[in-house]
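Going by mature numbering (1 follows the signal peptide of the UniProt record, and there is no 0), the letters in the sequence shown line up with residues -21 to -1, 1 to 699, in that order.
All C-beta atoms in this analysis are idealised placements derived from N, C-alpha and C, irrespective of residue type, glycine included.
If you're wondering where the values come from, they're calculated on a predicted model, not measured in any experiment.
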Amino acid sequence: MKPTYLAILLAAVLHPQLASAEDVTKPELEKIERMSVVGVRQRLEQAGTLANTIMKTEVIDASVIENKNAVNLSEAIDNSPGVKVSNECSMCGVKRIMLNGMKGEQTTILVDGLPVHTMISGYYAVDAIPTTGVERIEVARGAGASLIAPEAIGGTINIVSYEPTENGAELDLSAGENGYRKLGFLGKGVTEDGRTRATLVAQYDDRDQADADNNKVNEAPMQENRSLTGRVSHDVTDADNLVLRVANIQSEIFGGPMLGSTFADGTASSIGNVLSGYDGQPSDTQNLFENGDVRKRYTGKAWETTEWIKTERNEASLAWLREFSDDWNMHLAASYADHKQDSFYEGFDYSADDKMWFFDARFNYLLSESQLLTFGADLRTEEMRSHSRSGSANPDYVSDSFDYDVKGLYLQDTWQATESLEVAMALRYDTITADFTDPNKPGTELDESILSPRVDIRLRHNDEWTSRLSAGRGYRAPLSFFETDHGILDGSLGFDIDIDELERSNSVNYALSYEGERLTSTASIAWTEVEHLAALTTNDHGIPLLTQLDEKARVITSDIAVGYRLTDDMSLSLTAEHFDYDSVFKSSYAIAPVEKRVTLSMDWDVNDWEIFANLVWIGSRDLAEFGYEGYNRLDANGQVDPSSKKTTDAPAYVTVDLKVSYQLNDTLSLYTGVSNLFDYTQAGDEDTPLFYDAEGAFDVGYIYGPLRGREIYAGIKFSF
C-alpha cells in the first residue's frame, strides 16, 4: 500500500466520496491534501467570542516536545518554568508533576480543556500519557487556573490534541540504550468540504530496568506503554461543531529485583515467575542484602522488593459548540474515565476501579465589543472501589474506597477596559461531598460548600512590556493514599482516614514580560498558601493514616526566562528559578523538591540540519530540612549501624541532553541524540536510594538525584 493511501483510508470513513482510493483522481487528491481548514471552533476563538484566559501560561509546542525526544507527558514538561517532575520511588518510578513548588496531587491534568483523569490515575498516569498527536501543552500555574478545575490549587496542565488541516500521516520509529523503543503513528484525515477533521493516534514505548550500582535492585523500573486514540471534529452546520474523542491507555510497570538475576527464591526469569513466587514468608530485614548493607548485592527473595503495577484507562469525551448569534454561543461537554489498576507491592496486592463522569454547560455572551460574559454549571462524580485479598484477610482491614461528588456554578466577566488594560474576574460556587465507603468508616467525611474567586489582569505598558497579575482561591478534597504518598506499601494493615476539611489555597502571581525583535523575557513571582494540607503518617498501631496538618503551608516561587534569537537560524534560552518552601511544606514532602534550578538551551537550524542542546543545573540541598534520615547497614541483630548514616547534603549536579536531526526530503527525516550525556546518576555517582530507617525498616525513597543514566538513541520519521 502506498503511504499516501493511509490518509485516504482514514478520510474515507469520514466522507462517502472518498470510499475507495481508486475513485480519487490526482488533482482531487492534491486539493484534499493542501486544503486549509478553519472550522466553527477556530472561527469563534479568532473572533474572541469563546471564553479564554489572560493569565500567564507557558506553552510547550510540538517542536519542543520533538526536540526533547519526549515519549510521555512527564518528559515533555519537565524542567519547564515552574514545573518539576518528581520521581517518588526508585522501585516503581512513580512521577508527580509539581507546579510552583506545590505537591503533585495538587496539579490537575486536562485534555482539550476537559478532565479525563481520575484521582488515582494521576499517580501512575503521567508516564503513560503519549506525546504522539499532541499539538501543544499549556501550563497555567496558580489556584483556580481553570474555570472548570478549581481543585487545581497548584495549577493545570492542558494537553491540546492536534487538529489536522490536510490529509496525511506521520510515523516515528526510534530505539536506543536501556531497552528504549518507541513507535508513534499519527493519521490525519480531512473531508473534501473541510467540515470533518479526524486523527487516529497510536503509540508504543518501553524501557528496561536500570541498576547503576549493580546491587541487583533497580533504581528505575521496566515500563511498557500502549495507547490508541481517535478524535473527530465535525462542523454539523456553519454554527455547530461536535468533537468526539476516545482513548485507551495501557501501562505495565515492574520494579525491584533485576529480571534474569538469581535470588534466595531462585532466578527471576519473568514477571509472572516473580509474582507466583510469593510465599508470605519474608526474610529477616538484616538478611535482605549481603552483610546487611543496601549498597551490596540483594540476597532476599525476589518478591520482597517487587512493585508491579498494571493499569488500563479508557477515556471518552464529547463536546458540542453552538453559535446562536454573533453575540451568543454555547458549549456543552461531557467526559468519562475508567481507570483500572492491578498491583503487587512487596507482598501486598491491591486492585482498584475508579470511574469518573464530568458534565459542563457553558454559555458565552458578548455584552459589548469590550466585554465577554461567561457563565455555566458543571458536575463531577467519581466512584473508586478497591480490594485486596491479603488485606481483607485481616478482620480489622479498612479499604480506601470512596465516593466523590462536586456540583459547581461559575461566572466570569472578561473586560477590555482600555486598549492596554484587560481584566477577567471569575467566581465559582461549589458543593463537595466525599465519603469513604468502607462499612467501618460510617458517616460522610466531607460535606462542604466553598466560594472561589479569581482575578486576572493584563496591562500592556507599551509595545514591548506587559504585566500580568493573578490572584485566586482553590480547594482540593484529599481522598487517595496514592495521591499523598507511597504509603500503600503498608496497606495490608488497612487504611485509617482522619480527613474532615478541604485543602484550601490562596495564591498570587505577578509576571513582567518583555518582547523585542530578538530578545524576549519574563520574570515572575508566585506566593501560595495552603490550609489543611494532607499528609500521610501512621497511627499508634502502625496503620497508614491519611490526616491533615494543623499549620498553614507556604511556598514562594520566583523565576526569570530569557530567550534570544542570535541569528535567523539560532535561538538561545535561559531560565533561572528559586523555590522557597516554609518548614510546614518541607515536612509534607515525601521526596525533597528542587530549590534552585538553571536551564540553558540552544536550537540551531542550518540548511536541512537541526541541532538542539539542553543543560539543566540543580542546586545543592540540605535533606535534613525535608526530614531525611537513613542508614545503609544493619548489624546482625537488625539494628542500624550508626557509622553507615546517609548524607543529608545533596550535591549540585548538571545534566545535558543533545539531539541532531537531518531532513532528507519532504517525506523522511533522521535523528539521533543522547539523554543525560555525562551519565550522572545518584546511585552510580553518589549513593543508593535504598535505606533503613532509624528503627531498621527497609525503604526505597532516599532520592535526591537522577535515577536513569545516559541513553543514546536514533530514529527515523516519515511524513506522508
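Inset, instruction - Consult DSSP for residue 474 and reduce its assignment to one of helix, strand or coil. - result: coil
Inset, instruction - Would you mind sorting residue 96 into buried or exposed? The rule is 16 or more other CB atoms within 10 Å of its CB. - result: Around the beta carbon of residue 96, a 10 Å sphere encloses 16 or more other beta carbons of the protein chains shown; the residue is thus reported as buried.
Legend entry - Cut-off 6 Å between Cβ atoms - residues of its own chain near residue 505, not counting five sequence neighbours on either side: 79, 488, 536
Inset, instruction - Could you tell me whether the region 538 to 555 touches the region 493 to 504, where touching means 3 or more Cβ pairs closer than 8 Å? - result: yes
Legend entry - Collapsed DSSP secondary structure at residue 84 in the structure displayed: helix
Inset, instruction - Within the region 107 to 164, note down every full beta strand (DSSP E) run reaching 3 residues or more, in order along the chain. - result: 113 to 120, 134 to 140, 147 to 155
Inset, instruction - Measure the alpha-carbon distance for residue 76 versus residue 65 and round it to whole angstroms. - result: 6 Å
Legend entry - Close Cβ partners of residue 688 (< 7 Å) along its chain, the five nearest in sequence each way excluded: 189, 191, 655, 658, 660, 663
Inset, instruction - For residue 666, I'd like the list of residues in its chain whose CB is within less than 8 Å of its CB, leaving aside the five on either flank, ordered along the chain. - result: 274, 611, 625, 626, 681
Inset, instruction - Tell me, to the nearest whole angstrom, how far the beta carbon of residue 700 is from that of residue 280; I am working on the premise that it is less than 8 Å. - result: Absent from the structure is residue 700, since the part of the chain shown begins at -21 and ends at 699.
Inset, instruction - Tell me whether residue 550 sits in a helix, a strand or coil according to DSSP, three-state version. - result: Of the three classes helix, strand and coil, the one that applies to residue 550 here is strand, per DSSP.
Inset, instruction - With DSSP collapsed to three states, give me the class of residue 102. - result: helix
Inset, instruction - Using alpha carbons as the reference points, say which of 271, 232, 263, 267 lies closest to residue 254. - result: 232
Legend entry - Chain-order list of residues whose beta-carbon lies under 6 Å from that of residue 107 (same chain, five-residue window excluded): If we look at residue 107 and ignore the five residues flanking it on each side, its Cβ neighbours are 204, 228, 230.
Legend entry - Segment contact, 8 Å Cβ cut-off, at least three pairs: the region 147 to 155 with the region 413 to 431: no
Inset, instruction - Only counting runs of 3 or more residues, tell me where the beta strand (DSSP E) segments fall wholly within the region 625 to 672, in order along the chain. - result: Taking 3 residues as the shortest admissible run, the region 625 to 672 contains the following complete beta strand (DSSP E) segments, listed from N- to C-terminal end: 632 to 642, 647 to 654.
Inset, instruction - Mind listing, in chain order, the continuous beta strand (DSSP E) runs of no fewer than 3 residues lying wholly within the region 552 to 593? - result: 575 to 585
Inset, instruction - Could you pull out every residue in the same chain whose Cβ sits closer than 7 Å to the Cβ of residue 38, ignoring the five residues on either side in sequence? - result: 115, 117
Legend entry - residue 705 (DSSP reduced to helix, strand or coil): What the structure shows of the chain is the stretch from -21 to 699, and residue 705 is not part of that stretch, so it cannot be assessed.
Inset, instruction - Starting from the C-beta of residue 580, find all residues in its chain whose C-beta is less than 6 Å away, skip the five residues before and the five after it, and write them out in chain order. - result: 552, 593
Legend entry - Span separating the alpha-carbon of residue 362 from that of residue 319: The straight-line gap from Cα to Cα measures roughly 12 Å.
Legend entry - Euclidean distance between Cα positions of residue 170 and residue 531: 55 Å
Legend entry - Own chain residues within Cβ distance below 7 Å of residue 440, not counting five before or after: Closer than 7 Å at Cβ, skipping near neighbours: 446.
Legend entry - Spatial distance of residue 181 from residue 603 (CA atoms): 45 Å
Legend entry - Inter-residue CB distance, residue 567 and residue 615 (contact presumed, cutoff 8 Å): Contact doesn't hold; Cβ gap of about 36 Å is too wide.
Legend entry - Distance, residue 385 Cα to residue 288 Cα: 29 Å
Legend entry - Pairwise C-alpha distance: residue 234 and residue 403: Each residue's Cα considered, the two are about 47 Å apart.
Inset, instruction - Put residue 697 into one of helix, strand or coil per three-state DSSP. - result: strand
Inset, instruction - Please determine, among 481, 600, 507, 695, the residue with the shortest C-alpha to C-alpha distance to residue 570. - result: 600
Inset, instruction - Give the range of the alpha helix (DSSP H) segment to which residue 700 is assigned. - result: Residue 700 lies beyond the residue range present for the chain, which begins at -21 and ends at 699; the question has no answer from this structure.
Inset, instruction - Report, in whole angstroms, the separation of the C-beta atoms of residue 81 and residue 534, which I expect to be a contact under 8 Å. - result: Under the criterion of beta carbons closer than 8 Å, residue 81 and residue 534 qualify as touching, at roughly 7 Å.
Inset, instruction - Count the other C-beta atoms from every protein chain shown that fall within 10 angstroms of the C-beta of residue 511, then say buried if there are 16 or more, exposed otherwise. - result: buried
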